[in-house]
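K.L.:
Handing you this structure, nothing more for now.
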Amino acid sequence: MLFAAVNLLPLLFISILGHTPCPDRCLCFQSSDLVDCQSRELTRIPQHIPEGTWLVDFSRNRLTEVQSSAFIGLWSLRILLLSNNSIQALEPQSLSSLQFLEILDLSFNRLQRLPGDFSQSLGSLLELRLHHNLLQHLAPQSMDQLENLRKLDLSYNIIQTMEAGLLNHLGHLRYLNLEGNELNTVEDHLLTRQQRLEVLHLGHNNISLIESEALAPLRSLNLLGLRGNRLEHVHFRVFLGLRTTSSTYLQLSLNPWTCDCELHRVFGKIQHVRYLKVEDYKEIVCQGPAQLTGASLASMDSQLCMAETSAVLVITITVVLAVICALVKAKHNSNSKQSASDSDPQALEK
Ligand SMILES: *[C@@H]1O[C@H](CO)[C@@H](O)[C@H](O)[C@H]1NC(C)=O
Ligand SMILES: *[C@@H]1O[C@H](CO)[C@@H](O)[C@H](O)[C@H]1NC(C)=O
13 MLFAAVNLLP LLFISILGHT PCPDRCLCFQ SSDLVDCQSR ELTRIPQHIP
63 EGTWLVDFSR NRLTEVQSSA FIGLWSLRIL LLSNNSIQAL EPQSLSSLQF
113 LEILDLSFNR LQRLPGDFSQ SLGSLLELRL HHNLLQHLAP QSMDQLENLR
163 KLDLSYNIIQ TMEAGLLNHL GHLRYLNLEG NELNTVEDHL LTRQQRLEVL
213 HLGHNNISLI ESEALAPLRS LNLLGLRGNR LEHVHFRVFL GLRTTSSTYL
263 QLSLNPWTCD CELHRVFGKI QHVRYLKVED YKEIVCQGPA QLTGASLASM
313 DSQLCMAETS AVLVITITVV LAVICALVKA KHNSNSKQSA SDSDPQALEK
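Following this note's numbering, the numbering of the sequence shown begins with 13 at its first residue and continues without gaps.
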């Protein structure tokens, strides 16, 4: 009897004081509905997170997974911070019951993939941070419930291709960061529903081709980062579709540009479009042809088309000379025929 009473004592104590329990090693600030478990060397997400919690911070621990039902019943949770752990796996159902979550930070972990049901309960999510993980491939269904997402950070993973349809349900996206991945091509199908996208970071990938319709759906883009890729050439029509109400800033330096007359013309046309601005035009350096390696495109400007102009000139002069020669020759021939017939009056009479 006494034993049972002792066992019940903490519970009794809690209910008398109106306090909810707090996970071991964490600090709970009930007045602000905040649970602080930062840097506690936790290896597992603990139980007893108070039900009314609004923000929980597990940054800088030693978590290796998020177990199923880890956050069950936490209907009030809006912000969940899990960065700087060693999370390799999100078990199925590990995020279910987070229907009202708005910010999820999983950056600086070791995720190689997202489970198929990842987005199932995350319809309210506004911001998803997945940067600095080991993501290689994202299955379309892993993102298809994120209909309210505004900000998606996938930078510094090892993504090589983005599957068609992956972002199809993310019509409210304003910010997409794909910097520091291994993308080779910006494909036509990637951004078809991203009319509201304002910032697109694609720097420090391996991009050598932007397909001609890839940027065409974008109607609100303010910044397009393409520094540090493998672009040698680009077609003007790629940028033609970017019809924003304000301006679109392009970052294009640190690419192995082949500086020729055509490239000069493309940049010339871009500079002439009122709403397009190449932010780092002065830092655009030629990698080819060999004699121009290291030269800046801005410093050469119209000289690039000079060789072409003189070639055209040489060809024109050659053609003109050839025509003149032919005419002279023809004239000469007819003259000599004429004089031949002149000297033969009988022939004329015939
Ligand atoms: C996570 O670690 C990185 C790199 O060590 C650091 O830059 C970042 O500030 C850390 N973030 C948090 C929330 O601790
Ligand atoms: C980067 O692109 C080049 C061709 O542009 C290709 O040869 C190379 O394999 C690519 N590297 C990666 C890591 O995809």
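Virtual Cβ for every residue (Gly too), placed ideally from N, Cα, C.
For ligand 1, which residues count as neighbours when the test is a C-beta closer than 6 Å to any heavy atom?
P.N.:
Listed by chain position, these are 71, 72, 95, 96, 120.
K.L.:
Looking at residue 169 and residue 195, is the spacing between their C-beta atoms short of 8 Å?
P.N.:
Cβ atoms of residue 195 and residue 169: not closer than 8 Å.
K.L.:
Hey, out of 227, 330, 105, 149, whose CA is closest to residue 255's CA?
P.N.:
Of the candidates 227, 330, 105, 149, the one whose C-alpha sits nearest the C-alpha of residue 255 is 227.
K.L.:
Which runs of the beta strand (DSSP E) spanning at least 3 residues fall entirely within the stretch 220–259, listed in chain order?
P.N.:
Here the runs fully enclosed are 235–237.
K.L.:
Please look up how many angstroms separate the CB atoms of residue 70 and residue 57, rounded, as I've assumed it's under 8 Å.
P.N.:
That belief holds up - the Cβ atoms of residue 70 and residue 57 are roughly 7 Å apart, short of 8 Å.
K.L.:
What does a CB cutoff of less than 6 Å around residue 222 pick up in its chain, not counting 5 residues either side in sequence?
P.N.:
These residues qualify, in order along the chain: 198, 250.
K.L.:
Going by C-alpha to C-alpha distance, which of 239, 179, 268 sits closest to residue 292?
P.N.:
Selected option, being the one with the closest Cα: 239.
K.L.:
Would you say the beta carbon of residue 194 comes nearer than 7 Å to a heavy atom of ligand 2?
P.N.:
At least one heavy atom of ligand 2 is nearer than 7 Å to the Cβ of residue 194, so yes.
K.L.:
Quick check on the burial criterion: 16 or more other C-beta atoms within 10 angstroms. Buried or exposed for residue 147?
P.N.:
Burial call: buried.
K.L.:
With burial defined as no fewer than 16 other Cβ atoms inside 10 Å of the residue's Cβ, what is the status of residue 63: buried or exposed?
P.N.:
Flag for residue 63 reads exposed.
K.L.:
Taking only the alpha-carbon atoms, compute the straight-line gap between residue 60 and residue 173 and give it to the nearest angstrom.
P.N.:
Going from the Cα of residue 60 to the Cα of residue 173 covers about 41 Å.
K.L.:
Which full runs of the alpha helix (DSSP H) of 4+ residues lie inside the stretch 259–316, going along the chain?
P.N.:
Runs of the alpha helix (DSSP H) inside the stretch 259–316: 273–284, 309–312.
K.L.:
Going by the DSSP bridge assignment, what does residue 68 pair with across the sheet?
P.N.:
47, 92, per the DSSP bridge assignment.
K.L.:
Is it the case that the Cβ atoms of residue 386 and residue 295 are separated by a distance below 8 Å?
P.N.:
Nothing can be reported for residue 386, as the shown portion of the chain is limited to 13 through 362.
K.L.:
Do three or more CB pairs link the stretch 230–237 to the stretch 202–213 at distances below 8 Å?
P.N.:
Yes: at least three Cβ pairs fall under 8 Å.
K.L.:
Could you have a look at residue 197 and say whether DSSP puts it in helix, strand or coil?
P.N.:
The answer is strand: DSSP assigns residue 197 an E or B state.
K.L.:
Grab me the residues of residue 224's own chain with a C-beta within less than 8 Å of its C-beta, minus the 5 sequence neighbours each way, in chain order.
P.N.:
If we look at residue 224 and ignore the five residues flanking it on each side, its Cβ neighbours are 200, 247, 249, 250.
K.L.:
What do you get for residue 155, buried or exposed, if any count of 16 or more other CB atoms within 10 angstroms of its CB means buried?
P.N.:
Residue 155 should be labelled buried.
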